[in-house]
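A.B. asks: Mind having a look at this structure? Questions to follow.
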Amino acid sequence: MQANFYIDIRIVDSADDGELALPHLRNQIYSIVHAAFRQMPERFALALEISPRQQRKMQANELKYGRKTSGNYDVLRIFSEKQDDLEQLIDHIKGHWKIQDYAVLSPAALAVPTAKITGWKSYNRFRIPTVKMERNLLTNPNKKTLHERRLLEARKLPYFKVSSQSTGQVFTVPVDIKDVEVSNANDAGNSLPDSYGLARKTQPFALPVFEVI
């Protein structure tokens, strides 16, 4: 998929650690976006960004508490090949009360500013194997299994809570973000995103990085 156009959804969080905290609101907003992705499959790719406002907030917390914070992504940046697809997405989600109360949504799809691209990143679902898949679970009781190691890694990553359409069960989708060396947009990959807006492991692609306004 060519990332030709984009919109930003900036999440307006609170200083509270409760239901208005950033991770909770990010999940709430993403659930609305994900429902639209399901209705218009393989048209949208998702990136996570940090707004200048959030960066200042993180710097203030670092000075106050003496520890560095990371992963406080407050912007869902959504790319598409076609401008019309993003306009349909905006129309689909803009009336939701959570979008109106807790987010700032781009009023229209914008062309990707190619002259301002500073890098490229890939966004993949970080998979955690089930315990049943561990063949050496009993043979190496003192060694952490792959499941345990991946679980520890996943706790450091941004994530979304997603509900299964068939069972209603809620599960976690950790997002693995990596910098990618891309010389130009033609080398970013043309694969289609999955239902979460992420790249598949077997069909990788990268998305452009540029400033959040």
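In this text, residue positions in the sequence shown follow the working numbering: the first is 943, and each later residue adds one.
C-beta: ideal position from N, C-alpha, C; glycine also.
Keep in mind that this is a model prediction, so the values were computed, not measured.
(1) Let's see if you can read the secondary structure: which residues bound the beta strand (DSSP E) around L1149?
(2) Which whole-angstrom value describes the C-beta separation of A1127 and T1011, a residue pair presumed to lie in contact below a C-beta threshold of 8 Å?
(3) Nearest by alpha-carbon distance to K1058: which of F1152, A945 and D955 is it?
(4) I1119 bridges to which residues according to DSSP?
(5) Does F1021 pass the burial test, meaning 16 or more other C-beta atoms within 10 Å, or should it be called exposed?
(6) What span of residues does the alpha helix (DSSP H) with R952 cover, start to end?
(7) Let me check understanding here. Comparing Cα to Cα, which of S1137, I1035, P983 and A1051 lies closest to V1104?
(8) Does DSSP put S1108 in a helix, in a strand, or in coil?
(9) Between the Cα of L967 and the Cα atoms of A1130, A977, V975 and D955, which residue gives the shortest distance?
(10) Counting Cβ pairs, one atom from each stretch, are 3 or more of them under 8 Å apart for the region 979–988 and the region 1131–1147?
(11) Residue range of the beta strand (DSSP E) that A977 falls in?
(12) Between which two residues does the beta strand (DSSP E) carrying A989 extend?
(13) Assign G996 to one of two classes, buried (16 or more other C-beta atoms within 10 Å of its C-beta) or exposed (fewer than that).
(14) Taking the CB atoms as reference points, tell me whether Q1025 and A989 lie closer together than 7 Å.
C.D. replies: This is what the structure gives:
(1) Residue mapping note: residue 1149 aligns to position 207 of the sequence shown, counting from 1. Element bounds for L1149: L1149 to V1151.
(2) Counting from one through the sequence shown, the residue named residue 1127 turns up at place 185. Counting from one through the sequence shown, the residue named residue 1011 turns up at place 69. Between T1011 and A1127 the Cβ distance is about 32 Å, and since that is not below 8 Å, they are no contact.
(3) Reading the sequence shown from its first residue, position 116 is the one you call residue 1058. Nearest of F1152, A945 and D955 to K1058, Cα basis: F1152.
(4) For the purposes of this step, residue 1119 is identified with residue 177 of the sequence shown, where counting begins at 1. Answer is Y1065, bridged to I1119.
(5) In the sequence shown, the residue the question calls residue 1021 occupies position 79. Within 10 angstroms of the beta-carbon of F1021 lie 16 or more other beta-carbons, which makes it buried.
(6) Position 10 of the sequence shown, counted from the start, is the residue given in the question as residue 952. The continuous stretches of alpha helix (DSSP H) do not include R952, which lies in the beta strand (DSSP E) extending over residues F947 to I953.
(7) Working through the sequence shown from its first residue, we reach residue 1104 at position 162. Out of S1137, I1035, P983 and A1051, S1137 has the C-alpha closest to the C-alpha of V1104.
(8) Here residue 1108 refers to the residue found at position 166 when the sequence shown is read from its first residue. For S1108, the three-state secondary structure derived from DSSP is coil.
(9) As a working mapping, residue 967 is identified with position 25 in the sequence shown. Looking from the CA of L967, the closest CA among A1130, A977, V975 and D955 belongs to D955.
(10) Using a Cβ-Cβ distance cut-off of 8 Å, the region 979–988 and the region 1131–1147 are in contact, since at least three pairs of beta carbons, one from each stretch, lie closer than that value.
(11) Translated into positions along the sequence shown, residue 977 becomes position 35. From DSSP, A977 is part of no beta strand (DSSP E) but of the alpha helix (DSSP H) over L964 to Q981.
(12) Along the sequence shown, read from residue 1 onward, the residue named residue 989 stands at position 47. For A989, the enclosing beta strand (DSSP E) covers residues F986 to E991.
(13) Residue mapping note: residue 996 aligns to position 54 of the sequence shown, counting from 1. In the sequence as displayed, the identity of residue 996 is Gln instead of Gly. The residue in question, Q996, is buried, as its Cβ has 16 or more Cβ neighbours within 10 Å.
(14) Reading the sequence shown from its first residue, position 83 is the one you call residue 1025. Reading the sequence shown from its first residue, position 47 is the one you call residue 989. Contact: no.
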